[in-house]
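Q: Here's a structure for you.
Numbering (the numbering used here), first residue to last: 1021 to 1350.
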């Protein structure tokens, strides 16, 4: 008899099991039976309050490989949650988030999320991470675990200190979609760019990639909730809001005035494996204006972080236009 069965009562009911295919998009759905360091939501699955944040879905196995698509979002509320817990330097601009998705004890994918500055507010960032589980990977308890965390490896110099610490905190998990393979319908294409000079290449896929490099407005100032008693009063909060909006508009105006253009000949592409932190050889096979043709190894162990650096020029994080990468279709 399994340990713990004597704790059951006649009022206990079996936990609902989700049939495949399915979409879990709320924290109150029956298929979501395990949460750790995650606050459940109503219109979303939940928001991470720690690193790592884990969810567990009870699904009925179908004896086939399962495609899992996890949609993440970084919004203003998530940035405030992160700032209140990580306590960053107030002068530090908002930096991109680099998060790794693990499932059933293995790293399956990663995502880069970066909000961009607007005249009055910053826009959110949404990314969908897709991976495939084998037919025998759900285990005997039919529990699908998805873990969201910061990378557990040391990043090289070109990426170190370029991302927010404890990147998972505050991120929204909007939905998880499960489809047995083969499935007739395909997922809609995700966003092609990240709004920053970093991209994640999934472990599966072609070795040849084409990316475009441009410039975008810089990241917005970090939103901070007031901590002093006088700053929490309505007149002070209104004044702080006006000041924050003025700083954002001034930074956007300064960035627009710079008019930076990307010189493809000055760009250098780097790559690192996010499973073990080893450098990944990447070859630039062609340069066409702001378009770069890349070739990566076909036998990639895990998700690969690509980074583009520009030589001979320093871009200010808060007031200059920033490099941004995007995937280009052939």
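Beta carbons are placed, not taken as given, at the ideal position from N, Cα and C, and that holds for glycine.
I'd like to know whether the C-beta atoms of residue 1331 and residue 1286 end up nearer to each other than 7 Å.
A: Yes, they are a contact pair.
Q: Return the chain-ordered list of same chain residues with a C-beta closer than 6 Å to the C-beta of residue 1152, the five sequence neighbours on each side being excluded.
A: Cβ neighbours of residue 1152 beyond the five flanking positions: 1085 and 1087.
Q: Are the beta-carbon atoms of residue 1092 and residue 1219 separated by less than 7 Å?
A: In this structure, residue 1219 does not lie closer than 7 Å to residue 1092 by Cβ.
Q: Classify residue 1050: buried if its beta carbon has 16 or more other beta carbons within 10 angstroms, exposed otherwise.
A: Exposed, because fewer than 16 other Cβ atoms sit within 10 Å of the Cβ of residue 1050.
Q: Can you find the residues in the same chain that come closer than 7 Å, C-beta to C-beta, to residue 1105, ignoring five residues on each side of it along the sequence?
A: Here the set comprises 1189.
Q: What is the DSSP secondary structure of residue 1212, reduced to helix, strand or coil?
A: Residue 1212: coil per DSSP, three-state reduction.
Q: Between which two residues does the alpha helix (DSSP H) holding residue 1099 run?
A: Note, residue 1099: alpha helix (DSSP H), 1096 to 1106.
Q: Using the three-state DSSP reduction, which class does residue 1389 fall into: helix, strand or coil?
A: One cannot answer for residue 1389 here, as it falls past the ends of the chain, which runs 1021 to 1350.
Q: Please list the terminal residues of the continuous beta strand (DSSP E) segment that includes residue 1068.
A: Per DSSP, residue 1068 belongs to the beta strand (DSSP E) from 1066 to 1068.
Q: I need the straight-line Cα distance from residue 1057 to residue 1187, nearest angstrom please.
A: Cα-Cα distance, rounded: 14 Å.
Q: So, for residue 1060: in the same chain, excluding its five sequence neighbours on each side, which residues have a beta-carbon less than 6 Å away from its beta-carbon?
A: Closer than 6 Å at the Cβ level, and outside the excluded window around residue 1060, lie 1047 and 1066.
Q: Can you tell me the Cα-Cα spacing of residue 1079 and residue 1173, whole angstroms?
A: Their Cα atoms are separated by approximately 31 Å.
Q: Closest by CA to residue 1167, which one among 1320, 1293, 1055 and 1318?
A: When only C-alpha atoms are compared, the closest one is 1055.
Q: In or out: residue 1129 buried (at least 16 other Cβ within 10 Å) or exposed?
A: With 16 or more other Cβ atoms within 10 Å, it is buried.
Q: Does DSSP classify residue 1058 as helix, strand or coil?
A: DSSP places residue 1058 in strand when its eight states are reduced to three.
Q: The beta strand (DSSP E) with residue 1342 in it runs from where to where?
A: Start and end: 1342 to 1347.
Q: So for residue 1262, helix, strand or coil by DSSP?
A: If DSSP states are grouped into helix, strand and coil, residue 1262 belongs with the helices.
Q: Helix or strand or just coil, what does DSSP make of residue 1320?
A: Correct three-state label for residue 1320: coil.
Q: Would you mind working out which of 1323, 1241 and 1325 sits nearest residue 1111, comparing C-alpha positions?
A: When each option's Cα is compared against that of residue 1111, the closest is 1241.
Q: Give me the Cα-Cα distance between residue 1254 and residue 1096, rounded to the nearest whole angstrom.
A: Going by the C-alpha atoms only, they are around 20 Å apart.
Q: Specify the secondary structure class of residue 1267 as computed by DSSP and reduced to three states.
A: Helix at residue 1267.
Q: What is the residue span of the beta strand (DSSP E) that residue 1129 lies within?
A: Looking at the DSSP string, the run of the beta strand (DSSP E) that includes residue 1129 is 1126 to 1133.
Q: Would you decide whether residue 1099 is buried or exposed? Buried here means 16 or more other CB atoms lie within 10 Å of its CB.
A: Looking at its Cβ environment, which holds 16 or more other Cβ atoms inside 10 Å, residue 1099 is buried.
Q: Whose CA, out of 1143, 1108 and 1222, lies closest to the CA of residue 1325?
A: If we check each option's Cα against that of residue 1325, 1222 comes out closest.
Q: Express the C-alpha separation of residue 1175 and residue 1212 in angstroms, rounding to a whole number.
A: Approximately 24 Å between the Cα atoms of the pair.
Q: Following the continuous beta strand (DSSP E) through residue 1200, name the residue where it begins and the one where it ends.
A: It spans 1192 to 1200 - the beta strand (DSSP E) in which residue 1200 sits, taken as one unbroken run.
Q: With a cut-off of 8 Å on the beta carbons, I'd call residue 1239 and residue 1137 a contact; round off their distance for me.
A: Yes, residue 1239 and residue 1137 are in contact; Cβ-Cβ is about 6 Å, under 8 Å.
Q: Would DSSP call residue 1073 helix, strand or coil?
A: The answer is strand: DSSP assigns residue 1073 an E or B state.
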